[in-house]
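K.L.:
What follows is the structure in structure tokens.
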């Protein structure tokens, strides 16, 4: 009876270990796991807790050069930092009659020690994104790419549109190019691959890494462009868009 | 058994939440929001307008103006074949543009030419130069595809035997497969197909049955180039021909922003007035331009509706870009100033990098070799 019981235990321990060892997909990686006797997540309006019980040799240890956080819960602490850039004013101003192009750029640096890296999303606060501050009925349409995305910025002569292109070492394949079209090749040609902002959470995935980049971090630049074309009349005023980026540990 | 049960629960917990539902085991995330701003300059150049008023300096009572008797001097034959719509394509004057510069030669220099265009019927007028040449362009009043004709009535500036001679030419042309590529087409009337049937306003004048026909002219007083915030004075002149039965007229003003070629543009502003033609023939319309308006070319088109006739005239004007700094004759405009600042910053940064490179090049030995101190040579056993 004891032998059967031991085999039963061993089966599940091995089974668990084998499942955990393969716990990775394009969407997540489990960096560590533990077998203990209990634990759960708890949350209130102000706090959130995760606990385990039954782990051995857990806790913090440190020397002058190293710091060890032993135990499943301790190890799950991931450092992820996101820079906070200033607001952007696109330039030059656009003449309402003859039209023109205004552009600007902003970069965020994501720093994480997460061994599985991070994912970086961008989204707008509303649809359409760029709306007149004084008159909500006046806006720039969100960019309408003919490809996914457009290699070169192009707006119909009768329209006014607002879009973006990401640039950086970690941008996803969708925004890479081969010098002619996007979602092809490995280049990150400046001012290529234009797309529209979406407002749904978490937004458009623009950069992703599967490795830690601590302590230097990696910058991703978001270039924004707005154009009122020659056969379009854009109402005067100050237009504003709220752009939110989210960095998630993988 | 208890331990086994716990392990099963744990395993299921990880399997279901970690594998099946794809719930990440790390919850680290960070968010950052910024505002992106953009300023669009006003499209409408008008700050305010004053109601149209009689132009007292150029005023004559309509009753003082002589109702002329006109005498046709052009040789006209009613030719049914030529009037027929059966004209072959090779005989047609076919144009592909909606904006056309019409040109012709009047028999009198410095004389009035009344133009009537159909199928979108409207009247306009132009004054011939000292050689009798005249041109007129339907700026911002495009013609549709199809058959059109134009009747040019050249009116003698003086009377002979109590009558004013009127020389009438009528031409037919077609617009086919219209391309609005912002290029103005040219139509010299001597090259167009003559159209000998006369049933237009000019012939009506000769027969004495045209009513409420005016030579309507439009001009900008004093200048055609303005600065933001300037007042623009528009003069409307009506010179009656023949009888006047309807003294009220509706005036519409349409302002267009000219495109980059300056050929035509898009409607950006519209105004309207009512005028009484009973005692006045000259009017002034004052328009104040906005301070914050982008520089460039504009058209103002004036449409006058009176007694069943529609009159069209357009003038082009320019708004100079706002001057930010002026030193003597040198003007630095706002848009240029931004570019100057950017280029200056680039040049200064470039120079700074150059100076830094020169310093590094000059003192590179300090970076590569240790400095020779008081004990260096002794330490290297030079004196041993």
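Protein chains in written order, with my numbering: chain A, 122 to 371; chain B, 41 to 424. Ideal Cβ positions, reconstructed from N, Cα and C, are used throughout, including at glycine.
1) Would you mind telling me which residues of chain A sit closer than 7 angstroms to residue 297 of chain B, beta carbon to beta carbon, in chain order?
2) Alpha carbon to alpha carbon, how far is residue 231 of chain B from residue 116 of chain B? Give it in angstroms, no decimals.
3) Buried or exposed: where does residue 366 of chain A fall if 16 or more other Cβ atoms within 10 Å of its Cβ makes it buried?
4) Which stretch, first to last residue, makes up the beta strand (DSSP E) that contains residue 221 of chain A?
5) Could you check whether the Cβ of residue 235 of chain A sits closer than 8 angstroms to any Cβ belonging to chain D?
6) Is it the case that the Cβ atoms of residue 315 of chain A and residue 289 of chain A are separated by a distance below 8 angstroms?
7) Tell me whether the beta-carbon of residue 359 of chain B lies closer than 8 angstroms to the beta-carbon of residue 340 of chain B.
8) For residue 327 of chain B, would you say it is in contact with chain A, using Cβ-to-Cβ distances shorter than 8 angstroms as the test?
9) I believe residue 99 of chain B touches residue 256 of chain B by the beta-carbon criterion, under 8 angstroms. Please report the beta-carbon distance rounded to the nearest angstrom.
10) Anything in chain A within Cβ reach of residue 416 of chain B, meaning under 7 angstroms, just list it in chain order.
11) Measuring only the C-alpha atoms, how far is residue 386 of chain B from residue 379 of chain B?
12) Give me the Cα-Cα distance between residue 296 of chain A and residue 199 of chain A, rounded to the nearest whole angstrom.
13) For my contact list, residue 192 of chain B and residue 144 of chain B are in at a C-beta cut-off of 8 angstroms; report their separation, rounded to the angstrom.
14) Rounded to the nearest angstrom, what separates residue 174 of chain B and residue 258 of chain B at their Cα positions?
15) Just to confirm, is the Cβ distance from residue 110 of chain B to residue 227 of chain B under 8 angstroms?
16) For chain A, is any of its Cβ atoms less than 8 angstroms away from the one on residue 139 of chain B?
17) Hey, out of A/334, A/222, A/291 and A/320, whose CA is closest to residue 96 of chain A's CA?
18) Identify, in the order they occur along the chain, each residue of the same chain with its Cβ nearer than 8 angstroms to the Cβ of residue 255 of chain A, setting aside the five sequence neighbours on each side.
19) Taking its Cβ as the centre, do 16 or more other Cβ atoms sit within 10 Å of residue 168 of chain B, making it buried, or is it exposed?
20) Quick one: residues in its chain with C-beta nearer than 7 angstroms to the C-beta of residue 120 of chain B, no 5 flanking neighbours on either side, listed in chain order?
21) Could you compute how far the alpha carbon of residue 266 of chain A sits from the alpha carbon of residue 394 of chain B?
22) Classify residue 213 of chain B as helix, strand or coil using the three-state DSSP reduction.
23) Quick check on residue 202 of chain B: buried or exposed, where buried means 16 or more other Cβ atoms within 10 Å of its Cβ?
24) For residue 294 of chain B, which residues in chain A fall below 7 angstroms Cβ to Cβ?
25) Locate the beta strand (DSSP E) running through residue 418 of chain B, then write down its first and last residues.
26) Do residue 307 of chain B and residue 293 of chain B have their C-beta atoms closer together than 8 angstroms?
27) Contact criterion: CB-CB distance below 8 angstroms. Does residue 222 of chain A meet it with respect to chain B?
28) Inspect the CB distances between the stretch 85 to 98 of chain B and the stretch 224 to 232 of chain A and report whether three or more fall short of 8 angstroms.
29) List, in chain order, every chain B residue whose beta-carbon is nearer than 8 angstroms to that of residue 229 of chain A.
30) Please give the ranges of any beta strand (DSSP E) in the stretch 146 to 207 of chain B, keeping only runs that are unbroken, at least 3 residues long and fully inside the region.
31) For residue 313 of chain A and residue 181 of chain B, what's the separation of their Cα atoms in angstroms?
32) Run the CB neighbour count on residue 142 of chain A, radius 10 Å, all protein chains shown included, and call it buried at 16 or more, exposed below.
33) Are any of the Cβ atoms in chain B nearer than 8 angstroms to that of residue 131 of chain A?
34) Start and end of the beta strand (DSSP E) containing residue 190 of chain A?
35) Can you give the beta carbon distance from residue 270 of chain B to residue 298 of chain B, rounded, assuming they're within the 8 angstroms contact cut?
36) To which residues does DSSP link residue 242 of chain A through a beta bridge?
P.N.:
Considering the structure as presented:
1) Taking the second chain and counting its residues from 1, the one referred to as residue 297 of chain B is at position 257. Correct list: 218 and 219.
2) On the second chain, position 76 is the one that residue 116 of chain B refers to. On the second chain, position 191 is the one that residue 231 of chain B refers to. A caution first: residue 116 of chain B carries a pLDDT of 49, below 50, which makes its placement in the model too unreliable to give a value.
3) Position 245 of the first chain, counting from 1, holds the residue named residue 366 of chain A. Label assigned to residue 366 of chain A: buried.
4) Position 100 of the first chain, counted from the first residue, corresponds to residue 221 of chain A. It spans 221 to 233 - the beta strand (DSSP E) in which residue 221 of chain A sits, taken as one unbroken run.
5) The displayed structure is made up of protein chains A and B, and chain D is not among them.
6) Position 194 of the first chain, counted from the first residue, corresponds to residue 315 of chain A. Position 168 of the first chain, counted from the first residue, corresponds to residue 289 of chain A. Contact: no.
7) In the second chain, the residue the question calls residue 359 of chain B occupies position 319. In the second chain, the residue the question calls residue 340 of chain B occupies position 300. No; because the gap between Cβ atoms is not below 8 angstroms, this pair is not in contact.
8) The residue labelled residue 327 of chain B in the question sits at position 287 within the second chain. Chain A contact via Cβ: absent.
9) As a working mapping, residue 99 of chain B is identified with position 59 in the second chain. As a working mapping, residue 256 of chain B is identified with position 216 in the second chain. So it is not a contact: roughly 16 angstroms between Cβ atoms.
10) The sequence position of residue 416 of chain B within the second chain is 376, counting from 1. In chain order: nothing, as chain A lies at least about 35 angstroms away.
11) Translated into the one-based positions of the second chain, residue 386 of chain B becomes position 346. Translated into the one-based positions of the second chain, residue 379 of chain B becomes position 339. Cα to Cα, residue 386 of chain B sits roughly 11 angstroms from residue 379 of chain B.
12) In the first chain, the residue the question calls residue 296 of chain A occupies position 175. In the first chain, the residue the question calls residue 199 of chain A occupies position 78. The alpha-carbon atoms of residue 296 of chain A and residue 199 of chain A are separated by roughly 28 angstroms.
13) For the purposes of this step, residue 192 of chain B is taken as the residue at position 152 of the second chain. For the purposes of this step, residue 144 of chain B is taken as the residue at position 104 of the second chain. The pair is a contact, with the Cβ atoms about 5 angstroms apart (cut-off 8 angstroms).
14) For the purposes of this step, residue 174 of chain B is identified with residue 134 of the second chain, where counting begins at 1. For the purposes of this step, residue 258 of chain B is identified with residue 218 of the second chain, where counting begins at 1. Taking the straight line from one Cα to the other gives about 16 angstroms.
15) Numbered from 1 along the second chain, position 70 holds the residue referred to as residue 110 of chain B. Numbered from 1 along the second chain, position 187 holds the residue referred to as residue 227 of chain B. Not a contact, by the Cβ cut-off of 8 angstroms.
16) The residue given as residue 139 of chain B occupies position 99 in the second chain. Using a Cβ-Cβ cut-off of 8 angstroms, residue 139 of chain B does not count as an interface residue toward chain A, since no Cβ of chain A sits closer than that to its own.
17) For residue 96 of chain A there is no data in the structure shown, the boundaries of chain A being 122 and 371.
18) As a first step, residue 255 of chain A is located in the first chain; it is residue number 134 there, counting from the start. Counting only Cβ-Cβ distances below 8 angstroms, and skipping sequence neighbours, we find 358 and 359.
19) Counting from one through the second chain, the residue named residue 168 of chain B turns up at place 128. Buried is the call here.
20) Here the question's residue 120 of chain B lines up with position 80 in the second chain. Per-residue confidence for residue 120 of chain B stands at a pLDDT of 39, beneath the threshold of 50, marking its modelled position as unreliable; no derived number is given.
21) The sequence position of residue 266 of chain A within the first chain is 145, counting from 1. The sequence position of residue 394 of chain B within the second chain is 354, counting from 1. Using only the alpha carbons, I get a separation of about 42 angstroms.
22) The sequence position of residue 213 of chain B within the second chain is 173, counting from 1. DSSP places residue 213 of chain B in strand when its eight states are reduced to three.
23) Within the second chain, numbered from 1, the residue matching residue 202 of chain B stands at position 162. By the neighbour-count rule (16 or more Cβ atoms within 10 Å), residue 202 of chain B is not buried but exposed.
24) Locating residue 294 of chain B in the second chain gives position 254, where the first residue counts as 1. What residue 294 of chain B touches in chain A: nothing, since even the nearest Cβ is about 13 angstroms away.
25) Position 378 of the second chain holds residue 418 of chain B. Not the beta strand (DSSP E): residue 418 of chain B falls in the alpha helix (DSSP H), residues 416 to 419.
26) Residue numbering aside, residue 307 of chain B sits at position 267 when the second chain is read from its first letter. Residue numbering aside, residue 293 of chain B sits at position 253 when the second chain is read from its first letter. The Cβ-Cβ distance between residue 307 of chain B and residue 293 of chain B does not fall below 8 angstroms.
27) Translated into the one-based positions of the first chain, residue 222 of chain A becomes position 101. Output row for residue 222 of chain A: interface = no.
28) no
29) The residue you call residue 229 of chain A lines up with position 108 of the first chain. By Cβ distance, chain B contributes 72.
30) 152 to 158, 162 to 167, 173 to 177 and 186 to 195
31) Taking the first chain and counting its residues from 1, one reaches residue 313 of chain A at position 192. Taking the second chain and counting its residues from 1, one reaches residue 181 of chain B at position 141. Computed Cα separation, rounded: 40 angstroms.
32) As a working mapping, residue 142 of chain A is identified with position 21 in the first chain. Caution is warranted here: a pLDDT of 37 is assigned to residue 142 of chain A, below 50, making its placement in the model unreliable, and the coordinate value is therefore given only provisionally. Burial call: exposed.
33) One-based indexing of the first chain puts residue 131 of chain A at position 10. Residue confidence is low: residue 131 of chain A scores 47 on pLDDT, short of 50, so the model does not pin down where it sits. Its coordinate-derived value is still stated next. Not an interface residue.
34) One-based indexing of the first chain puts residue 190 of chain A at position 69. Segment 188 to 191, the beta strand (DSSP E) holding residue 190 of chain A.
35) Numbered from its first residue, the second chain carries residue 270 of chain B at position 230. Numbered from its first residue, the second chain carries residue 298 of chain B at position 258. Actually they are not in contact, since the Cβ atoms of residue 270 of chain B and residue 298 of chain B sit about 17 angstroms apart, beyond 8 angstroms.
36) Counted from its first residue, the first chain places residue 242 of chain A at position 121. DSSP, once it has assigned bridges, lists A/326 and A/367 as partnering residue 242 of chain A.
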